[in-house]
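With the first letter of the sequence shown counted as 1, position 161 gets the number 162 in my numbering; the numbers rise by one all the way through.
Cβ coordinates follow ideal geometry from the N, Cα and C atoms, glycine included.
Taking it in order: structure first as structure tokens, then the write-up.
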Amino acid sequence: TTWQKLAPMSLLYLTHPSLHPTTLLTMGLLSSLLGGWAGLNQTQTRKIMAFSSIAHLGWMASILTLSPNILLLNLALYIIVTTATFMVLIFSSSKTIKDMTTTWATSPTTAAMTLLLLMSMGGLPPLTGFMPKWLILQELTKHGLTGTATILALSALLSLFFYLRLSYATALTLHPMTTQN
2 TTWQKLAPMS LLYLTHPSLH PTTLLTMGLL SSLLGGWAGL NQTQTRKIMA FSSIAHLGWM
62 ASILTLSPNI LLLNLALYII VTTATFMVLI FSSSKTIKDM TTTWATSPTT AAMTLLLLMS
122 MGGLPPLTGF MPKWLILQEL TKHGLTGTAT ILALSALLSL FFYLRLSYAT ALTLHPMTTQ
182 N
């Protein structure tokens with residue numbers, strides 16, 4: 002699903018000079034809010050990652066007309082971190098949040114990497130995912146779009162919540178594994 006972003010983002014990147022900035026900003030805000038809200042109630046990791054993707058695309062659409070270079074940086078880092086996250090989820094066979102509760106017991110290294118990747122996708126400093134979000138917020142503020150920057154930052158909190166849920170399940174809970182003799 003990560004590589005599927007390249008075609009639409011390439012198309013938007015090539016046509017952005019002819020696109021109306023207000024339309025892209027509105028689309029970006031709605032995508033980031035929709036992705037954040039819809040991801041809150043999910044328990045399947047695939048759906049969580051899908052709504053996360055919608056939220057991230059909102060961030061990218063918001064910055065496209067103001068700074069295409071930041072968009073490219075954000076897209077590159079997003080692809081790297083998301084690919085690594087999907088690889089970890091596949092390796093650990095985690096299809097639901099409940100499945101992630103066994104990761105620490107079966108592979109502490111995988112669990113630690115999962116934590117870092119999820120927190121990075123959530124945009125927590127000083128991890129990789131923080132920098133593009135910070136640059137986007139700075140650029141929006143520099144262009145007098147403080148309200149847009151504020152809404153995007155608040156929408157990031159929605160996404161951060163479901164990343165924290167996944168992280169909590171990975172690191173701080175253990176699925177009961179008792180046997181009766």
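Exercise. Let me know if tryptophan 105 comes out buried or exposed under the rule of 16 or more other beta-carbons within 10 Å of its beta-carbon.
Key: If you number the sequence shown from 1, residue 105 lands on position 104. With 16 or more other Cβ atoms within 10 Å, it is buried.
| message | Just to confirm, is the Cβ distance from alanine 39 to phenylalanine 52 under 7 Å? | response | By 1-based counting over the sequence shown, the position of residue 39 is 38. By 1-based counting over the sequence shown, the position of residue 52 is 51. With contacts defined by Cβ atoms closer than 7 Å, alanine 39 and phenylalanine 52 form a contacting pair.
**Request:** Return the CA-CA distance between leucine 1 and leucine 155, expressed in angstroms with no decimal places.
**Result:** Since the first residue of the chain shown is 2 and the last is 182, residue 1 is not available in this structure.
- request: Go through its chain and collect everything with a Cβ distance to glutamate 140's Cβ below 7 Å, but skip five positions before and after it.
  value: Position 139 of the sequence shown, counting from 1, holds the residue named residue 140. The answer, listed in chain order, is Ile64, Leu67, Ser68 and Ile71.
Uninterrupted alpha helix (DSSP H) stretches inside the region 24-82 (no shorter than 4 residues)
With a minimum length of 4 residues, the continuous alpha helix (DSSP H) runs that stay inside the region 24-82 are 46-64.
> How long is the line joining the alpha carbons of threonine 110 and leucine 136, rounded to whole angstroms?
Replying inline: Within the sequence shown, residue 110 is the residue found at index 109, counting from 1. Within the sequence shown, residue 136 is the residue found at index 135, counting from 1. The alpha-carbon atoms of threonine 110 and leucine 136 are separated by roughly 31 Å.
- Query: leucine 34 to tyrosine 164, Cα distance in whole Å?
  - Reply: Taking the sequence shown and counting its residues from 1, the one referred to as residue 34 is at position 33. Taking the sequence shown and counting its residues from 1, the one referred to as residue 164 is at position 163. Straight-line Cα distance between these residues: approximately 15 Å.
* In terms of residues, what are the limits of the alpha helix (DSSP H) holding threonine 110? -> The residue you call residue 110 lines up with position 109 of the sequence shown. It spans 109-123 - the alpha helix (DSSP H) in which threonine 110 sits, taken as one unbroken run.
With a threshold of 6 Å on Cβ separation, who are the neighbours of glycine 37 within its own chain once the five nearest residues in sequence on each side are excluded? Walking along the sequence shown from the start, residue 37 turns up at place 36. Ala56, Ser156, Leu159 and Ser160, listed in sequence order.
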